[in-house]
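First residue of the sequence shown? That's 1 in UniProt numbering, and the numbers climb one at a time after it. Beta carbons: idealized from backbone N, C-alpha and C, even for Gly. For clarity, every value in this text was computed on a predicted model and none was experimentally measured. The next block holds one structure in the form of C-alpha coordinates; read it before the comments.
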Amino acid sequence: MEKKLQYFALSFSHKKTPIELRERLAFADNAEIYLFLQQIKQLESIEEVILLSTCNRVELYCYAHTFEETKNFILKNLSQTKKIDLALLNQSVEIHEHIEAIHYIFCVASSLESVVVGETQIAGQLKDAYKTCFDAGFCSKAFTRLIHFAFRCAAKVRNHTQISGNATSVASVAIHQAKSLQKQYGFDKKALVIGMGEMGILSAKYLLDDDYDVMICNRNQQRIQDFISQCDIKQKQKISICEFEHLQEKINVYPLLFSATGASEPIILKNMIKSVDFKRFWFDLAIPRDIEHFEDEKIELFVVDDLKQVAQENLNLRKESLHKAYEIVGIATMEFSQWLQTLDVEPLIKKIREMAKEASLREINRAVKKGYIPKEYQHNVEKVIHQAFNVFLHKPTQNLRDQVNKQEIDIIIESIKNFFSIDEDSLLINTYKCEYDTSKSE
(Lines of atoms letter the chains of each structure in order from A; the text may use other names.)
(Lines give C-alpha, C1' and ligand atoms only; values in the text may rest on other atoms or scores of the structure.)
Protein backbone atom coordinates (compact mmCIF):
# COMPACT_ATOMS: atom_id res chain seq x y z
CA MET A 1 0.00 0.00 0.00
CA GLU A 2 1.40 3.41 -0.99
CA LYS A 3 2.40 5.61 1.93
CA LYS A 4 0.33 8.68 2.63
CA LEU A 5 1.63 12.02 1.35
CA GLN A 6 3.17 14.25 4.01
CA TYR A 7 5.03 17.53 4.31
CA PHE A 8 8.79 17.56 4.93
CA ALA A 9 11.27 20.39 5.48
CA LEU A 10 15.05 20.25 5.00
CA SER A 11 16.77 23.36 6.33
CA PHE A 12 20.27 24.80 6.16
CA SER A 13 19.94 27.96 8.24
CA HIS A 14 21.93 30.34 10.42
CA LYS A 15 20.98 28.20 13.44
CA LYS A 16 23.04 25.17 12.46
CA THR A 17 24.87 25.89 9.20
CA PRO A 18 27.95 28.20 9.21
CA ILE A 19 27.93 31.13 6.81
CA GLU A 20 30.76 29.63 4.73
CA LEU A 21 28.58 26.60 3.93
CA ARG A 22 25.44 28.69 3.40
CA GLU A 23 27.34 30.75 0.84
CA ARG A 24 28.21 27.58 -1.10
CA LEU A 25 24.63 26.30 -0.89
CA ALA A 26 22.98 29.54 -2.02
CA PHE A 27 21.19 29.62 -5.38
CA ALA A 28 22.08 32.67 -7.46
CA ASP A 29 18.85 33.04 -9.40
CA ASN A 30 15.58 31.42 -10.45
CA ALA A 31 17.22 29.70 -13.42
CA GLU A 32 19.54 27.79 -11.10
CA ILE A 33 16.63 26.91 -8.82
CA TYR A 34 14.61 25.68 -11.81
CA LEU A 35 17.40 23.36 -13.00
CA PHE A 36 17.91 21.90 -9.53
CA LEU A 37 14.21 21.29 -8.90
CA GLN A 38 13.89 19.56 -12.26
CA GLN A 39 16.37 17.01 -10.91
CA ILE A 40 14.51 16.71 -7.62
CA LYS A 41 11.14 16.10 -9.29
CA GLN A 42 12.58 13.05 -11.05
CA LEU A 43 11.94 11.15 -7.82
CA GLU A 44 8.40 9.80 -8.21
CA SER A 45 7.61 9.93 -4.50
CA ILE A 46 7.97 13.75 -4.51
CA GLU A 47 4.66 15.32 -5.55
CA GLU A 48 5.50 18.96 -4.85
CA VAL A 49 8.55 20.96 -3.78
CA ILE A 50 9.53 24.56 -2.93
CA LEU A 51 13.08 25.87 -2.64
CA LEU A 52 13.75 28.95 -0.49
CA SER A 53 17.22 30.50 -0.80
CA THR A 54 18.23 33.63 1.15
CA CYS A 55 21.43 34.89 2.76
CA ASN A 56 20.41 33.21 6.03
CA ARG A 57 18.87 29.95 4.82
CA VAL A 58 18.58 27.42 2.02
CA GLU A 59 15.52 25.24 2.57
CA LEU A 60 13.50 22.68 0.64
CA TYR A 61 9.88 22.03 1.50
CA CYS A 62 8.48 18.80 0.06
CA TYR A 63 5.14 17.06 -0.20
CA ALA A 64 6.11 13.43 -0.67
CA HIS A 65 5.33 9.79 0.11
CA THR A 66 8.56 8.59 1.74
CA PHE A 67 10.74 10.72 3.99
CA GLU A 68 14.05 8.80 4.03
CA GLU A 69 14.08 8.30 0.27
CA THR A 70 13.18 11.96 -0.30
CA LYS A 71 15.82 13.27 2.11
CA ASN A 72 18.60 11.07 0.75
CA PHE A 73 17.74 11.90 -2.86
CA ILE A 74 17.71 15.66 -2.22
CA LEU A 75 20.96 15.69 -0.24
CA LYS A 76 22.70 13.54 -2.84
CA ASN A 77 21.65 15.90 -5.65
CA LEU A 78 22.54 18.95 -3.57
CA SER A 79 25.98 17.47 -2.88
CA GLN A 80 26.58 16.85 -6.58
CA THR A 81 25.20 20.21 -7.73
CA LYS A 82 27.06 22.34 -5.19
CA LYS A 83 30.20 20.16 -4.98
CA ILE A 84 29.84 19.75 -1.21
CA ASP A 85 30.68 16.60 0.73
CA LEU A 86 27.52 14.60 1.45
CA ALA A 87 28.60 13.85 5.01
CA LEU A 88 28.92 17.59 5.69
CA LEU A 89 25.40 18.19 4.40
CA ASN A 90 24.03 15.42 6.62
CA GLN A 91 25.75 17.01 9.63
CA SER A 92 24.36 20.46 8.89
CA VAL A 93 20.81 19.79 7.75
CA GLU A 94 17.89 20.38 10.08
CA ILE A 95 14.98 18.03 9.35
CA HIS A 96 11.28 18.35 10.10
CA GLU A 97 8.58 15.79 9.29
CA HIS A 98 4.84 16.31 8.77
CA ILE A 99 3.30 18.17 11.74
CA GLU A 100 6.75 19.46 12.75
CA ALA A 101 7.37 20.57 9.16
CA ILE A 102 4.06 22.44 9.11
CA HIS A 103 4.92 24.13 12.41
CA TYR A 104 8.41 25.00 11.17
CA ILE A 105 7.20 26.58 7.92
CA PHE A 106 4.63 28.61 9.87
CA CYS A 107 7.46 29.79 12.17
CA VAL A 108 9.59 30.76 9.17
CA ALA A 109 6.73 32.74 7.62
CA SER A 110 6.09 34.45 10.98
CA SER A 111 9.79 35.43 11.28
CA LEU A 112 10.33 33.37 14.43
CA GLU A 113 13.25 31.55 12.77
CA SER A 114 14.97 34.71 11.50
CA VAL A 115 18.32 36.10 12.65
CA VAL A 116 16.44 39.21 13.75
CA VAL A 117 13.20 37.80 15.14
CA GLY A 118 10.26 39.78 13.85
CA GLU A 119 11.88 41.10 10.65
CA THR A 120 9.40 41.20 7.80
CA GLN A 121 11.64 40.46 4.81
CA ILE A 122 11.24 36.68 5.10
CA ALA A 123 7.52 36.82 4.31
CA GLY A 124 8.24 38.40 0.94
CA GLN A 125 11.05 35.95 0.26
CA LEU A 126 8.81 32.97 1.03
CA LYS A 127 6.05 34.39 -1.14
CA ASP A 128 8.49 34.85 -4.04
CA ALA A 129 9.81 31.29 -3.60
CA TYR A 130 6.27 29.90 -3.65
CA LYS A 131 5.31 31.93 -6.72
CA THR A 132 8.45 30.89 -8.60
CA CYS A 133 7.87 27.20 -7.89
CA PHE A 134 4.12 27.39 -8.52
CA ASP A 135 4.53 29.14 -11.86
CA ALA A 136 7.13 26.56 -12.91
CA GLY A 137 4.85 23.67 -11.94
CA PHE A 138 6.96 22.38 -9.04
CA CYS A 139 4.17 22.90 -6.52
CA SER A 140 0.40 23.17 -6.71
CA LYS A 141 -2.57 22.38 -4.47
CA ALA A 142 -0.77 20.98 -1.41
CA PHE A 143 1.56 23.97 -1.02
CA THR A 144 -1.11 26.44 -2.09
CA ARG A 145 -3.01 25.33 1.02
CA LEU A 146 0.02 25.36 3.28
CA ILE A 147 1.47 28.70 2.18
CA HIS A 148 -1.94 30.37 2.39
CA PHE A 149 -2.30 29.17 5.99
CA ALA A 150 1.32 30.19 6.72
CA PHE A 151 0.74 33.78 5.58
CA ARG A 152 -2.51 33.94 7.52
CA CYS A 153 -0.63 32.73 10.60
CA ALA A 154 2.14 35.31 10.03
CA ALA A 155 -0.45 38.08 9.75
CA LYS A 156 -1.96 37.03 13.09
CA VAL A 157 1.48 37.08 14.70
CA ARG A 158 2.15 40.59 13.36
CA ASN A 159 -1.29 41.91 14.30
CA HIS A 160 -1.59 40.36 17.76
CA THR A 161 1.97 40.78 19.04
CA GLN A 162 4.70 43.42 19.01
CA ILE A 163 7.11 40.96 17.41
CA SER A 164 7.67 43.11 14.30
CA GLY A 165 6.97 46.51 15.74
CA ASN A 166 10.07 47.10 17.79
CA ALA A 167 13.66 47.24 16.56
CA THR A 168 16.02 45.22 18.77
CA SER A 169 19.54 45.97 17.48
CA VAL A 170 21.38 49.27 17.48
CA ALA A 171 21.44 49.18 13.67
CA SER A 172 17.70 48.54 13.36
CA VAL A 173 16.93 51.29 15.88
CA ALA A 174 19.11 53.68 13.87
CA ILE A 175 17.33 52.80 10.63
CA HIS A 176 13.94 53.13 12.30
CA GLN A 177 14.92 56.59 13.54
CA ALA A 178 16.24 57.54 10.09
CA LYS A 179 13.03 56.44 8.38
CA SER A 180 11.01 58.56 10.79
CA LEU A 181 13.21 61.57 10.03
CA GLN A 182 12.84 61.00 6.29
CA LYS A 183 9.06 61.06 6.63
CA GLN A 184 9.25 64.15 8.82
CA TYR A 185 11.62 66.19 6.61
CA GLY A 186 10.83 64.66 3.21
CA PHE A 187 14.41 64.40 1.93
CA ASP A 188 15.37 61.91 -0.80
CA LYS A 189 15.59 58.23 0.17
CA LYS A 190 19.34 57.90 -0.20
CA ALA A 191 22.07 57.16 2.32
CA LEU A 192 25.81 56.65 2.71
CA VAL A 193 26.92 53.55 4.65
CA ILE A 194 30.55 53.39 5.79
CA GLY A 195 31.94 50.02 6.86
CA MET A 196 30.97 46.45 5.97
CA GLY A 197 31.10 44.84 9.38
CA GLU A 198 27.95 43.47 11.04
CA MET A 199 26.51 46.92 11.79
CA GLY A 200 27.24 48.28 8.33
CA ILE A 201 25.78 45.24 6.58
CA LEU A 202 22.63 45.37 8.71
CA SER A 203 22.24 49.09 8.07
CA ALA A 204 22.61 48.64 4.31
CA LYS A 205 20.24 45.67 4.33
CA TYR A 206 17.51 47.53 6.23
CA LEU A 207 17.82 50.57 3.96
CA LEU A 208 17.63 48.46 0.79
CA ASP A 209 14.59 46.65 2.17
CA ASP A 210 12.88 50.05 2.37
CA ASP A 211 13.85 50.95 -1.21
CA TYR A 212 16.65 53.42 -0.38
CA ASP A 213 19.49 54.21 -2.77
CA VAL A 214 22.59 53.19 -0.82
CA MET A 215 26.20 54.20 -1.44
CA ILE A 216 28.65 51.92 0.35
CA CYS A 217 32.16 52.95 1.34
CA ASN A 218 34.68 50.46 2.71
CA ARG A 219 38.46 50.10 2.59
CA ASN A 220 38.15 46.45 1.59
CA GLN A 221 36.23 46.51 -1.70
CA GLN A 222 35.83 42.71 -1.69
CA ARG A 223 33.62 42.96 1.41
CA ILE A 224 31.30 45.23 -0.56
CA GLN A 225 31.20 42.78 -3.47
CA ASP A 226 30.46 39.90 -1.08
CA PHE A 227 27.51 41.83 0.33
CA ILE A 228 26.20 42.78 -3.11
CA SER A 229 26.35 39.14 -4.23
CA GLN A 230 23.80 38.26 -1.52
CA CYS A 231 21.32 40.93 -2.66
CA ASP A 232 18.53 40.39 -5.14
CA ILE A 233 18.45 42.03 -8.58
CA LYS A 234 16.31 44.98 -7.49
CA GLN A 235 18.55 45.71 -4.51
CA LYS A 236 21.72 45.53 -6.61
CA GLN A 237 20.33 48.31 -8.80
CA LYS A 238 20.02 50.50 -5.70
CA ILE A 239 23.67 50.11 -4.64
CA SER A 240 26.63 52.29 -5.62
CA ILE A 241 30.23 52.03 -4.41
CA CYS A 242 32.49 54.78 -3.08
CA GLU A 243 36.28 54.48 -2.98
CA PHE A 244 37.53 55.26 0.52
CA GLU A 245 39.68 58.15 -0.71
CA HIS A 246 36.50 59.90 -1.90
CA LEU A 247 34.84 59.72 1.51
CA GLN A 248 35.20 63.46 2.24
CA GLU A 249 33.26 64.35 -0.89
CA LYS A 250 30.43 61.90 -0.22
CA ILE A 251 29.78 62.80 3.42
CA ASN A 252 28.76 66.26 2.24
CA VAL A 253 26.28 64.98 -0.35
CA TYR A 254 23.97 62.54 1.45
CA PRO A 255 21.25 63.51 3.96
CA LEU A 256 21.74 60.22 5.84
CA LEU A 257 25.04 58.71 6.96
CA PHE A 258 25.68 55.49 8.89
CA SER A 259 29.24 54.76 9.97
CA ALA A 260 30.30 51.50 11.60
CA THR A 261 33.96 50.73 10.97
CA GLY A 262 36.48 49.04 13.23
CA ALA A 263 38.89 51.97 13.09
CA SER A 264 40.76 52.86 16.27
CA GLU A 265 40.63 56.59 15.43
CA PRO A 266 37.88 58.77 13.90
CA ILE A 267 37.66 58.48 10.12
CA ILE A 268 35.43 61.55 9.70
CA LEU A 269 37.30 64.59 10.98
CA LYS A 270 35.71 67.95 11.62
CA ASN A 271 37.83 69.60 8.93
CA MET A 272 36.25 67.24 6.37
CA ILE A 273 32.76 68.59 7.06
CA LYS A 274 31.57 71.29 4.65
CA SER A 275 28.60 73.60 5.03
CA VAL A 276 25.60 72.63 2.91
CA ASP A 277 22.12 74.09 2.53
CA PHE A 278 20.25 70.96 3.69
CA LYS A 279 19.88 69.22 7.03
CA ARG A 280 21.84 66.02 7.63
CA PHE A 281 21.40 63.13 10.06
CA TRP A 282 24.45 61.09 10.97
CA PHE A 283 24.50 57.83 12.91
CA ASP A 284 27.85 56.86 14.44
CA LEU A 285 27.37 53.17 15.26
CA ALA A 286 31.05 52.45 15.95
CA ILE A 287 32.92 51.97 19.21
CA PRO A 288 35.40 53.72 19.28
CA ARG A 289 33.48 56.42 17.48
CA ASP A 290 34.07 57.05 13.78
CA ILE A 291 33.14 60.73 13.82
CA GLU A 292 35.26 63.37 15.51
CA HIS A 293 33.43 65.82 17.76
CA PHE A 294 32.15 68.79 15.76
CA GLU A 295 29.59 71.56 15.90
CA ASP A 296 27.22 72.12 13.00
CA GLU A 297 23.63 73.18 13.51
CA LYS A 298 22.58 71.49 10.25
CA ILE A 299 23.87 68.05 11.31
CA GLU A 300 22.11 65.98 13.96
CA LEU A 301 24.39 63.26 15.32
CA PHE A 302 23.23 60.02 16.95
CA VAL A 303 25.74 57.76 18.73
CA VAL A 304 25.43 54.24 20.13
CA ASP A 305 24.48 55.35 23.64
CA ASP A 306 21.56 57.30 22.19
CA LEU A 307 20.18 54.14 20.61
CA LYS A 308 20.99 51.30 23.03
CA GLN A 309 18.29 52.11 25.56
CA VAL A 310 15.58 52.08 22.90
CA ALA A 311 16.91 48.76 21.58
CA GLN A 312 16.85 47.16 25.04
CA GLU A 313 13.35 48.39 25.78
CA ASN A 314 12.16 47.01 22.46
CA LEU A 315 13.91 43.68 23.09
CA ASN A 316 12.08 43.28 26.40
CA LEU A 317 8.76 44.00 24.68
CA ARG A 318 9.59 41.52 21.92
CA LYS A 319 10.49 38.75 24.39
CA GLU A 320 7.07 39.13 25.96
CA SER A 321 5.56 38.83 22.50
CA LEU A 322 7.45 35.62 21.68
CA HIS A 323 5.29 33.51 23.97
CA LYS A 324 2.15 34.84 22.33
CA ALA A 325 3.64 34.39 18.86
CA TYR A 326 4.48 30.72 19.44
CA GLU A 327 1.02 30.18 20.88
CA ILE A 328 -0.52 31.59 17.69
CA VAL A 329 1.72 29.39 15.52
CA GLY A 330 0.87 26.32 17.60
CA ILE A 331 -2.86 26.91 17.24
CA ALA A 332 -2.50 27.56 13.50
CA THR A 333 -0.52 24.33 13.10
CA MET A 334 -3.22 22.28 14.82
CA GLU A 335 -5.97 23.97 12.82
CA PHE A 336 -4.19 23.23 9.56
CA SER A 337 -3.50 19.64 10.57
CA GLN A 338 -7.14 19.08 11.49
CA TRP A 339 -8.29 20.77 8.29
CA LEU A 340 -6.01 18.47 6.27
CA GLN A 341 -7.55 15.44 7.91
CA THR A 342 -11.07 16.59 7.06
CA LEU A 343 -10.03 16.64 3.38
CA ASP A 344 -10.05 12.84 3.48
CA VAL A 345 -13.69 12.69 4.57
CA GLU A 346 -15.27 15.75 2.94
CA PRO A 347 -15.10 14.37 -0.63
CA LEU A 348 -16.56 11.10 0.68
CA ILE A 349 -19.43 12.91 2.42
CA LYS A 350 -20.06 14.98 -0.70
CA LYS A 351 -20.11 11.84 -2.87
CA ILE A 352 -22.60 10.06 -0.60
CA ARG A 353 -24.92 13.08 -0.67
CA GLU A 354 -24.62 13.27 -4.46
CA MET A 355 -25.48 9.57 -4.75
CA ALA A 356 -28.53 10.06 -2.51
CA LYS A 357 -29.64 13.06 -4.58
CA GLU A 358 -29.20 11.23 -7.88
CA ALA A 359 -31.13 8.20 -6.62
CA SER A 360 -34.02 10.33 -5.36
CA LEU A 361 -34.24 12.35 -8.60
CA ARG A 362 -34.20 9.15 -10.62
CA GLU A 363 -37.08 7.64 -8.66
CA ILE A 364 -39.12 10.86 -8.63
CA ASN A 365 -38.77 11.19 -12.42
CA ARG A 366 -39.88 7.59 -12.81
CA ALA A 367 -42.88 8.18 -10.53
CA VAL A 368 -43.90 11.27 -12.53
CA LYS A 369 -43.65 9.37 -15.82
CA LYS A 370 -45.85 6.57 -14.47
CA GLY A 371 -48.38 9.04 -13.12
CA TYR A 372 -47.84 8.24 -9.45
CA ILE A 373 -46.97 11.91 -8.79
CA PRO A 374 -48.62 14.81 -10.65
CA LYS A 375 -46.09 16.82 -12.67
CA GLU A 376 -47.02 20.02 -10.88
CA TYR A 377 -46.02 18.44 -7.53
CA GLN A 378 -42.61 17.23 -8.72
CA HIS A 379 -40.57 20.22 -7.50
CA ASN A 380 -42.12 20.15 -4.02
CA VAL A 381 -41.61 16.40 -3.73
CA GLU A 382 -37.95 16.80 -4.69
CA LYS A 383 -37.49 19.40 -1.95
CA VAL A 384 -39.10 17.12 0.66
CA ILE A 385 -37.03 14.09 -0.35
CA HIS A 386 -33.78 16.07 -0.41
CA GLN A 387 -34.52 17.49 3.02
CA ALA A 388 -35.30 14.01 4.31
CA PHE A 389 -31.95 12.72 3.05
CA ASN A 390 -30.15 15.68 4.62
CA VAL A 391 -31.76 14.94 7.97
CA PHE A 392 -31.02 11.23 7.62
CA LEU A 393 -27.34 11.79 6.69
CA HIS A 394 -26.63 14.60 9.15
CA LYS A 395 -25.74 12.43 12.15
CA PRO A 396 -23.65 9.86 10.22
CA THR A 397 -21.66 12.57 8.43
CA GLN A 398 -21.09 14.46 11.68
CA ASN A 399 -19.89 11.25 13.31
CA LEU A 400 -17.54 10.69 10.37
CA ARG A 401 -16.06 14.18 10.76
CA ASP A 402 -15.55 13.53 14.46
CA GLN A 403 -13.40 10.50 13.64
CA VAL A 404 -10.78 12.35 11.56
CA ASN A 405 -8.27 12.61 14.41
CA LYS A 406 -8.41 8.90 15.23
CA GLN A 407 -5.89 6.38 13.94
CA GLU A 408 -8.57 4.10 12.48
CA ILE A 409 -10.02 6.83 10.21
CA ASP A 410 -8.35 5.34 7.10
CA ILE A 411 -9.98 1.95 7.75
CA ILE A 412 -13.36 3.64 8.28
CA ILE A 413 -13.07 5.60 5.02
CA GLU A 414 -12.06 2.52 3.03
CA SER A 415 -14.94 0.53 4.51
CA ILE A 416 -17.51 3.19 3.60
CA LYS A 417 -16.12 3.41 0.07
CA ASN A 418 -16.47 -0.33 -0.29
CA PHE A 419 -20.04 -0.33 1.05
CA PHE A 420 -21.11 2.38 -1.42
CA SER A 421 -18.89 1.13 -4.31
CA ILE A 422 -17.15 4.51 -4.56
CA ASP A 423 -14.10 4.67 -6.83
CA GLU A 424 -11.04 6.60 -5.66
CA ASP A 425 -11.00 8.66 -8.86
CA SER A 426 -14.47 10.01 -8.16
CA LEU A 427 -13.34 11.72 -4.95
CA LEU A 428 -12.18 15.09 -6.23
CA ILE A 429 -10.83 17.26 -3.43
CA ASN A 430 -11.74 20.91 -3.90
CA THR A 431 -8.68 23.08 -4.37
CA TYR A 432 -8.04 25.53 -1.55
CA LYS A 433 -8.01 28.94 -3.18
CA CYS A 434 -4.94 31.13 -2.94
CA GLU A 435 -3.38 34.04 -4.79
CA TYR A 436 -1.50 32.00 -7.38
CA ASP A 437 -3.89 29.07 -7.70
CA THR A 438 -5.62 29.60 -11.04
CA SER A 439 -7.43 26.26 -11.23
CA LYS A 440 -11.23 26.35 -11.37
CA SER A 441 -13.59 24.68 -8.92
CA GLU A 442 -16.49 22.74 -10.30
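Consider the Cβ of residue i: report whether some Cβ of chain C lies at a distance smaller than 8 Å.
i: Thr161; result: Any reference to chain C falls outside this structure, which holds one protein chain only.
Which value, in whole angstroms, describes the spacing of the CA atoms of residue i and residue j?
i: Ile163; j: Val329; result: 13 Å
i: Ile84; j: Lys71; result: 16 Å
i: Pro231; j: Glu414; result: For clarity, residue 231 is Cys in the given sequence; the question names Pro instead. Between Cys231 and Glu414, the C-alpha separation is close to 51 Å.
i: Tyr436; j: Phe151; result: Reliability fails at Tyr436, whose pLDDT of 40 lies under 50, so the model's placement of it is uncertain and the value that follows must be treated cautiously. Roughly 13 Å separates the two Cα atoms.
i: Ser421; j: Leu393; result: 17 Å
i: Gly165; j: Val157; result: 11 Å
i: Asn365; j: Ala388; result: 17 Å
i: Gln182; j: Asp188; result: 8 Å
i: Gln403; j: Ile349; result: 13 Å
i: Ser11; j: Gln222; result: 28 Å
i: Lys308; j: Gly262; result: 18 Å
i: Ala9; j: Asn314; result: 32 Å
i: Tyr185; j: His14; result: 37 Å
i: Lys4; j: His65; result: 6 Å
i: Gln341; j: Asp29; result: 36 Å
i: Leu37; j: Met334; result: 29 Å
i: residue 454; j: Ala109; result: Lying before the first or after the last residue shown, residue 454 is absent from the chain, which here runs from 1 to 442.
i: Glu32; j: Thr17; result: 21 Å
i: Ile411; j: Glu346; result: 16 Å
i: Trp339; j: Arg401; result: 10 Å
i: Ala26; j: Phe302; result: 36 Å
i: Glu249; j: Gln225; result: 22 Å
i: Ile228; j: Lys236; result: 6 Å
Tell me the DSSP secondary structure of residue i in three-state form.
i: Val214; result: strand
i: Cys153; result: helix
i: Ser203; result: helix
i: Arg57; result: strand
i: Leu52; result: strand
i: Cys133; result: helix
i: Gln6; result: strand
i: Ile267; result: coil
i: Leu112; result: coil
i: Glu20; result: helix
i: Ser164; result: coil
i: Glu44; result: coil
i: Glu245; result: helix
i: Tyr185; result: helix
i: His148; result: helix
i: Ile122; result: helix
i: His96; result: strand
i: Ser140; result: coil
i: residue 477; result: Residue numbering for the chain in the displayed model covers 1 to 442; residue 477 lies beyond these limits and cannot be assessed.
i: Ala367; result: helix
What residue range is occupied by the uninterrupted beta strand (DSSP E) comprising residue i?
i: Ile194; result: Lys190 to Ile194
i: Asp284; result: Arg280 to Asp284
On the CB-based measure, 16 or more other CB atoms within 10 Å of its CB, does residue i come out buried or exposed?
i: residue 444; result: No statement about residue 444 is possible, as the shown extent of the chain runs from 1 to 442 and does not include it.
i: Glu44; result: exposed
i: Glu119; result: buried
i: Leu269; result: exposed
i: His96; result: buried
i: Pro266; result: buried
i: Leu35; result: exposed
i: Leu143; result: Looking at the sequence itself, residue 143 is Phe, so the reference to Leu does not match. So Phe143 counts as buried.
i: residue 444; result: For residue 444 there is no data in the structure shown, the boundaries of the chain being 1 and 442.
i: Ile287; result: exposed
i: Tyr377; result: exposed
i: Ile6; result: Checking the sequence shown, residue 6 turns out to be Gln, not Ile. Classification for Gln6: buried.
i: Glu327; result: exposed
i: Leu88; result: exposed
i: Asn390; result: exposed
i: Ile239; result: buried
i: His293; result: exposed
i: Val276; result: exposed
i: Asp305; result: exposed
Since residue i is in the alpha helix (DSSP H), which residue starts that stretch and which ends it?
i: Ala101; result: Ile99 to Ala109
i: Ile299; result: Looking at the DSSP string, Ile299 is not in any alpha helix (DSSP H); the run it does join, the beta strand (DSSP E), is Ile299 to Val303.
i: Gln225; result: Gln221 to Ser229
i: Ile385; result: Gln378 to Asp402
i: Phe73; result: Phe67 to Lys82
i: Phe420; result: Ile409 to Phe420
i: Ser259; result: Counting along the chain, Ser259 falls outside any alpha helix (DSSP H), though it belongs to the beta strand (DSSP E) covering Leu256 to Ser259.
i: Ser92; result: Leu86 to Ser92
i: Ile233; result: Ile233 to Lys236
Which whole runs of the beta strand (DSSP E) in the segment 299-354 are 3 residues long or more, in chain order? 299-303
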